[in-house]
Every structure is written in structure tokens, then in C-alpha cells.
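S.K.: Starting off with a structure, shown below.
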């Protein structure tokens, strides 16, 4: 169970964070949240699709890492097998939280860096130190701060991006049926992708709106990313062939 605390150089002065990539350290996620500004880096390795919160109806872009819960096909014996690791994976076990601050009688929310002290990545003997000996931030923590800021800014823009996609009828649900080399069949459903038919039918004014908001490029990046599905299937075939269908790293 996660237990987040606001990070500080007194209570957490001795903390270190392990950098290896494995299922035991929490990397066995079959998809991870992302945002349009990251699509260019992601599309070289991962299919980019959308999930929908059934309670709120809110869409979230995600990078696919596997085909079922607990399966990350990019984890191998030597760690992460891709040239780019999604930022939402890299930031763990840190998270941006918020606390109320009062200034001149006015209350405002202020962002703070939190750390999951129950994460298997957190240690006092292994990994990268979070703070310097005399309390300053290490280079590692500065890198994490940069990642958290990118994520916060990216996710803040998500709603406008997704509202535009929905308003222009540019998202559609899809089902992927996969037959593996061993004869087993798998169906993946519940995700959405770019509706290319609607994209081709947009007027010039609509395209200008997408381009002026910086949305046109990530749309095409997401479309291009779907060419990674055959590679994901091949990774699944190799995993089943070498370690069985329930294998995890």
C-alpha cells in the first residue's frame, strides 16, 4: 500500500531510490498515462491509445506496455528493453501533491513533491541518494523535479486536447484480437484510438484550430505509434515461448 509523505531533507535525508527496472520494483504495468508533449518520444516504441474513466467519462492518453494486468513486455532480464522510458514510469516513487497555504489571509494551493515511502524502490542502503550530505538536492532529485514539472504541465493541458478530440469526433473504440504462435487467442478491448475517417473529413478551419493549439502533431504521432502493435505482439510471442504465458520480469 502506498504511503505518500511530503519530501523534506530532514525526515528523508538518508533515503535512496533504486534505479533498476523490474516487476518487483513496481514496473509491471501494462499501460501508463501520458500527454501530447511526450507523444514524439513514445511513438518510436509504444502504441499510444486512450482509456476512458467509466465513472467520470474523462479520457486519458496511455502508452501500451502489454496486453493484460501486470504484464510489461518491455521488461527483460537486463532491465527495460527500449530506448525511452515513459516519464510517468521514471518519476516513481515521487509524485506532485498539493497543500493549502495561507498568505495575507488568502488561501491558495501550492504544489509539493511527495514520495511513497512504502515503495520497494525506497531504500537507505541502495540506489541514488535523494539529498546531499548537508541537505541540498542531488542531481537525481533535480532530474525528478524536472520530470514532475513536465508531467504536471502536460496533464494540465490534457483536458483541452481531449475535449477537442471528442468535439471533432476524432476518437473511436477499438478491439484487438491476437492469436499467438502457440495458438492461444487474446482479446484486448476498452481502449480508444484516433478515428482516421473523421480526421480525413475535417474542414480547413478545423485543421487550423488543431494546428494553432498544437494538437495536430500529437494526433499524427498517435496514429504512427499504432505501427508498434506488431512489435508488441512479437514481444508477447517471445515471452510465451521462453517463459510461459504467466511469466513476469
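Residue numbers (the numbering used here): 309 to 557.
Glycine included, every Cβ here is placed at the ideal spot set by N, Cα and C.
List, from N- to C-terminal side, the beta strand (DSSP E) runs of 3 residues or more that fit wholly inside the stretch 440-506.
M.R.: 479-487, 493-502
S.K.: Looking at C-alpha atoms only, which residue of 405, 385, 351 is the closest neighbour of residue 330?
M.R.: 385
S.K.: If we count the other Cβ atoms within 10 Å of its Cβ and call it buried at 16 or more, is residue 442 buried or exposed?
M.R.: Taking all protein chains shown into account, residue 442 has fewer than 16 neighbouring C-beta atoms within 10 Å of its C-beta and is therefore exposed.
S.K.: Please report the distance separating the alpha-carbon of residue 315 from that of residue 409.
M.R.: When rounded, the distance between both Cα atoms is 16 Å.
S.K.: Output the distance between the C-alpha atoms of residue 513 and residue 365, rounded to the nearest integer angstrom.
M.R.: Spanning the two alpha carbons is a distance of roughly 27 Å.
S.K.: In the DSSP assignment, the alpha helix (DSSP H) including residue 515 goes from what residue to what residue?
M.R.: 512-520
S.K.: In the DSSP assignment, what are the bridge partners of residue 340?
M.R.: BP columns for residue 340 point to 371.
S.K.: How big is the Cα-Cα spacing for residue 356 and residue 342?
M.R.: 9 Å
S.K.: Report all residues from its chain with a CB closer than 6 Å to the CB of residue 455; omit the five preceding and five following residues, and keep chain order.
M.R.: 395, 398, 399
S.K.: Following the continuous beta strand (DSSP E) through residue 312, name the residue where it begins and the one where it ends.
M.R.: 312-314
S.K.: Around the C-beta of residue 351, are 16 or more other C-beta atoms found within 10 angstroms, so that it is buried, or is it exposed?
M.R.: buried
S.K.: So the beta strand (DSSP E) residue 541 belongs to, where does it begin and stop?
M.R.: Per DSSP, residue 541 belongs to no beta strand (DSSP E); it is in the alpha helix (DSSP H), 537-551.
S.K.: Could you tell me the boundaries of the alpha helix (DSSP H) in which residue 533 lies?
M.R.: 524-533
S.K.: Rounded to a whole number of angstroms, what is the C-alpha to C-alpha distance between residue 528 and residue 368?
M.R.: Each residue's Cα considered, the two are about 17 Å apart.
S.K.: Residue 603 by DSSP, collapsed to three states: which one?
M.R.: An answer regarding residue 603 cannot be provided, because it is not within the stretch 309 to 557 covered by the chain.
S.K.: Could you check the C-alpha separation between residue 508 and residue 415 for me, to the nearest Å?
M.R.: 48 Å
S.K.: If we count the other Cβ atoms within 10 Å of its Cβ and call it buried at 16 or more, is residue 354 buried or exposed?
M.R.: buried
S.K.: Taking the C-alpha atoms as reference points, what is the distance between residue 340 and residue 516?
M.R.: 30 Å
S.K.: Answer with buried or exposed for residue 406, where buried requires no fewer than 16 other C-beta atoms within 10 angstroms of its C-beta.
M.R.: exposed
S.K.: Do you know whose CA, among 461, 491, 346, lies nearest residue 549's CA?
M.R.: 491
S.K.: So which of 470, 360, 440 has the shortest CA-CA distance to residue 558?
M.R.: Any property of residue 558 remains undetermined from this structure, which presents the chain solely from 309 to 557.
S.K.: Only counting the same chain, and skipping five residues up and downstream in sequence, which positions put a Cβ closer than 8 Å to that of residue 435?
M.R.: 324, 325, 326, 327, 429
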